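Please read the structure below before turning to the comments.
There are 2 protein chains.
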Amino acid sequence: MKTKVATITLNPAIDHTAAIPYFTAGEVNRVTWEQIDPGGKGINVASFLSGFDVPISVSGFLGQHNADLFQRFFAEKQIDNRFVMVDGYTRVNIKIVDEAQDQVTDINFPGLTPTETDLSSFDQVIDSLIKDCDWFILSGSIPTGMSADIYGKLIDRLKRQGKTVVLDASGESLQQAIPFAPYAIKPNVNELQELIGRSLDDDRAIIQAAEDLIHQGIQCVVVSMGAKGAIFVDRSEVIHARPPQVEVISTVGAGDAMVAGFIVGKLQNFSLSDCAKLATTCSIAALSQIGPRLPPRDTIESWMSQVKIKSLLQTHR
Amino acid sequence: MKTKVATITLNPAIDHTAAIPYFTAGEVNRVTWEQIDPGGKGINVASFLSGFDVPISVSGFLGQHNADLFQRFFAEKQIDNRFVMVDGYTRVNIKIVDEAQDQVTDINFPGLTPTETDLSSFDQVIDSLIKDCDWFILSGSIPTGMSADIYGKLIDRLKRQGKTVVLDASGESLQQAIPFAPYAIKPNVNELQELIGRSLDDDRAIIQAAEDLIHQGIQCVVVSMGAKGAIFVDRSEVIHARPPQVEVISTVGAGDAMVAGFIVGKLQNFSLSDCAKLATTCSIAALSQIGPRLPPRDTIESWMSQVKIKSLLQTHR
Chain G
303 MKTKVATITL NPAIDHTAAI PYFTAGEVNR VTWEQIDPGG KGINVASFLS GFDVPISVSG
363 FLGQHNADLF QRFFAEKQID NRFVMVDGYT RVNIKIVDEA QDQVTDINFP GLTPTETDLS
423 SFDQVIDSLI KDCDWFILSG SIPTGMSADI YGKLIDRLKR QGKTVVLDAS GESLQQAIPF
483 APYAIKPNVN ELQELIGRSL DDDRAIIQAA EDLIHQGIQC VVVSMGAKGA IFVDRSEVIH
543 ARPPQVEVIS TVGAGDAMVA GFIVGKLQNF SLSDCAKLAT TCSIAALSQI GPRLPPRDTI
603 ESWMSQVKIK SLLQTHR
Chain E
303 MKTKVATITL NPAIDHTAAI PYFTAGEVNR VTWEQIDPGG KGINVASFLS GFDVPISVSG
363 FLGQHNADLF QRFFAEKQID NRFVMVDGYT RVNIKIVDEA QDQVTDINFP GLTPTETDLS
423 SFDQVIDSLI KDCDWFILSG SIPTGMSADI YGKLIDRLKR QGKTVVLDAS GESLQQAIPF
483 APYAIKPNVN ELQELIGRSL DDDRAIIQAA EDLIHQGIQC VVVSMGAKGA IFVDRSEVIH
543 ARPPQVEVIS TVGAGDAMVA GFIVGKLQNF SLSDCAKLAT TCSIAALSQI GPRLPPRDTI
603 ESWMSQVKIK SLLQTHR
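Now the structure itself:
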């Protein structure tokens with residue numbers, strides 16, 4: 303049987319993209335075109351993994367009053383839905399695309415606040431997922447009112463059950479999770495700088511920071527660097543994956559696509575450099591689509607040769 | 303048994319009010335406070351009528367993917383829901399309130415386009431409503447792709463069945479409905495100007511325009527004029543209702559509250575001047591609330607004495 307993966311999204315979102323030419327604050331603006339996507343980092347990762355035929359379960363908290371979009375999406379992608387339904391609305395992030403003025407305006411709504419009862423339902427869902435899944439991907443922000451130590455506690459609990467945990471978080475929740483040493487983390491350069499509390503001016507500094515984290519027990523650190531690609535560090539290798547220049551249609555989901563590609567590689571026992579190549583290809587593939595979407599798997603795989611892989615192990619040690 | 307009223311809303315909306323201090327186009331903006339209300343003129347009228355214990359049915363077209371808000375609202379208000387469910391989303395109108403800059407930004411999303419099948423389901427709903435209801439209120443805009451003659455056709459059909467029809471529309475759909483002579487219409491001054499094709503510079507011109515419509519067979523014309531109140535004209539009377547100065551919290555639903563108050567008065571066989579008083583009180587009551595809401599019935603009734611009524615019949619004939 304294939305390894306089953308669970309993604310946890312505590313604070314999902316609906317991504318609502320709206321085109322408004324000459325968008326102006328203080329005026330009445332009419333939307334000429336819109337697209338509504340289920341969003342939230344873990345949901346994006348799950349969606350991308352399902353495109354690679356990885357059996358996938360999802361959980362976290364969803365607002366019951368606008369859950370229909372997510373439910374239809376999970377059914378369509380054959381994603382096993384174990385979200386805890388919370389009274390209220392899942393937050394909406396509106397992106398107003400104004401091509402006439404080459405400008406994007408973001409309107410981010412507040413999210414849900416799960417109650418004690420919701421948290422205890424979530425606890426039970428984790429127990430059920432522990433029975434069914436081997437890999438756990440914990441992604442994104444923490445709902446207002448929830449403690450920032452949630453990721454650390456979850457990693458501890460899952461590792462005790464022999465699970466492999468990937469964390470894609472930032473700020474306080476990432477900081478507090480580091481001592482529990484997840485299998486892998488994927489900060490971008492800014493998140494890594496914030497985590498280690500100093501500026502990272504070149505690749506050498508980034509690699510040093512990643513290796514410090516490896517020494518703390520994390521097995522793989524992936525540092526995404528936008529157009530400059532990503533650096534993948536584990537105990538024995540340092541890989542720099544550099545993408546070709548691509549036209550960016552939308553950055554939504556690009557980091558999540560990198561996480562998904564990395565996991566697909568790992569599940570197939572790829573070398574770190576092949577994982578890096580697939581992960582980076584997935585992230586540029588996400589840039590080619592509006593919203594958190596990937597082109598078909600074949601298309602993605604045909605782009606892999608364009609990613610340049612460089613082993614940096616010998617050059618800096 | 304009480305007279306049962308049906309309101310028809312072909313193009314409903316969700317009113318999403320969001321507070322963003324210093325809202326700026328081209329930036330990431332965080333919502334500090336939000337309120338989501340079911341909207342659409344006929345739904346507002348139904349909601350207000352239910353507050354006056356009028357038995358009420360609603361129909362029109364609703365998007366099945368975000369119908370939950372409406373369904374809960376109708377259940378809570380004990381409104382009989384006969385909406386036709388259409389594939390897709392009911393449009394959302396976002397109002398960004400920026401108190402720091404004293405500015406409101408509107409983002410209006412496109413609405414649904416009912417299919418031929420939806421239209422034929424709606425036809426059947428009208429048949430069922432004809433069995434149950436005596437008054438029909440037709441309100442608001444027409445969905446994209448639907449013919450502007452829909453209101454005229456509906457009025458004709460309903461009048462042949464002996465029903466009383468109130469129309470609150472504008473533009474082409476109002477224009478095309480006039481020859482079918484609904485019982486009452488409620489244009490604001492701008493809508494009335496557009497309808498008759500000339501500017502209306504004083505009360506006298508407004509009254510003349512209303513009387514011209516009365517001569518075409520409409521029994522009552524209500525012209526709303528914002529802070530200046532409203533003029534109510536029928537075959538035997540002309541009433542000017544003038545509200546007190548009030549602090550405007552939100553204008554959403556004020557016109558619909560006027561329609562609802564007018565109908566409540568008519569159902570109780572009030573004189574035209576008492577209908578005018580109640581209608582105008584309801585409209586100022588709506589101005590005191592955020593979104594399409596009214597304070598409790600008792601509160602509204604306690605404000606009635608503040609509306610000044612003047613009969614203009616003797617002065618202009």
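Sequences listed follow chains G and E, in order. Residue numbers for the first sequence follow the numbering used here, beginning at 303 and rising by one. Residue numbers for the second sequence follow the numbering used here, beginning at 303 and rising by one. C-beta: ideal position from N, C-alpha, C; glycine also. Since the model is a prediction, treat every value here as computed from it, not as a measurement.
- Secondary structure of D451 (chain E) (DSSP, three-state): coil.
- Around the beta carbon of I541 (chain G), a 10 Å sphere encloses 16 or more other beta carbons of the protein chains shown; the residue is thus reported as buried.
- In the three-state DSSP reduction, R384 (chain E) falls in the coil class, being neither helix nor strand.
- Under the 8 angstroms Cβ criterion, the region 546-563 of chain G counts as touching the region 335-349 of chain G, having at least three qualifying pairs.
- By the 16-neighbour rule on beta-carbons within 10 angstroms, D339 (chain G) is buried.
- With fewer than 16 neighbouring CB atoms inside 10 Å of its own CB, W335 (chain E) falls in the exposed class.
- Residue state for E329 (chain G) is assigned as coil, using DSSP reduced to three classes.
- Here DSSP, grouped into helix, strand and coil, assigns I316 (chain G) to strand.
- Secondary structure at D400 (chain E): strand, using DSSP grouped into helix, strand and coil.
- DSSP places N410 (chain G) in no alpha helix (DSSP H) but in the uninterrupted beta strand (DSSP E) bounded by Q405 to N410.
- Counting along the chain, K579 (chain E) sits inside the alpha helix (DSSP H) bounded by residues L574 to L589.
- Counting along the chain, D536 (chain G) sits inside the beta strand (DSSP E) bounded by residues A532 to D536.
- Residue burial annotation: S359 (chain E) is buried, with at least 16 other C-beta atoms found within 10 angstroms of its C-beta.
- Between the region 491-507 of chain E and the region 460-480 of chain E, the count of Cβ pairs shorter than 8 angstroms is three or higher; the stretches touch.
- Within the region 328-357 of chain E, the residues whose Cβ lies closer than 9 angstroms to any Cβ of chain G are, in chain order, G328, E329, V330, N331, R332, V333, T334, W335, E336 and I338.
- Closest option to P546 (chain E), judged by alpha-carbon separation, among E:L515, E:P489, E:F564 and E:V609: E:V609.
- One thing to note: C435 (chain E) has its Cβ within 7 angstroms of the Cβ of A308 (chain E).
- For the region 310-325 of chain E, the set of residues with a beta-carbon nearer than 8 angstroms to any beta-carbon of chain G comprises A320, I322 and F325, in chain order.
- In the displayed model, P340 (chain G) falls within a strand according to three-state DSSP.
- Leaving aside the five residues that flank V399 (chain E) on each side, the residues in its chain whose CB is nearer than 8 angstroms to its CB run, in chain order, T319, A320, A321, I322 and V406.
- If you draw a straight line from the Cα of L460 (chain G) to the Cα of K433 (chain G), it comes to about 11 angstroms.
- The C-beta distance from Q521 (chain E) to A486 (chain E) rounds to 6 angstroms, short enough to meet the 8 angstroms contact threshold.
- Residues of chain G whose Cβ lies closer than 8 angstroms to the Cβ of H367 (chain E) are, in chain order, D370, L371 and R374.
- Straight-line spacing of the CA atoms in V535 (chain G) and I509 (chain G) works out to 7 angstroms.
- Using a Cβ-Cβ cut-off of 8 angstroms, V386 (chain G) is close to nothing in chain E; its nearest Cβ partner there is about 17 angstroms away.
- DSSP places R544 (chain G) in the strand class (E or B) of the three-state scheme.
- Per DSSP, reduced to three states, the secondary structure at S526 (chain G) is strand.
- With respect to chain G, the C-beta atom of F363 (chain E) has no partner C-beta closer than 7 angstroms.
- Nearest in C-alpha terms to S441 (chain G), of all of G:L469, G:S604, G:E539 and G:I428, is G:L469.
- Among the residues facing chain G, I444 (chain E) is not included, as its CB has no counterpart in that chain under 7 angstroms away.
- Chain-ordered listing is empty here: chain E has no CB closer than 8 angstroms to the CB of V427 (chain G), the nearest sitting near 23 angstroms.
- For K579 (chain E), same chain residues with a beta-carbon under 7 angstroms away, outside a window of 5 residues either side, are A543, M606, V609 and I611 in chain order.
- The beta carbon of N331 (chain G) is closer than 6 angstroms to those of I322 and F325 in its chain, skipping five residues each way along the sequence.
- One Cα belongs to F363 (chain G), the other to T446 (chain G), and the distance between them is close to 12 angstroms.
- Between the alpha carbons of Q591 (chain G) and D503 (chain G) lies a distance of about 31 angstroms.
- Straight across, the Cα-Cα distance linking V394 (chain G) with F411 (chain G) is about 6 angstroms.
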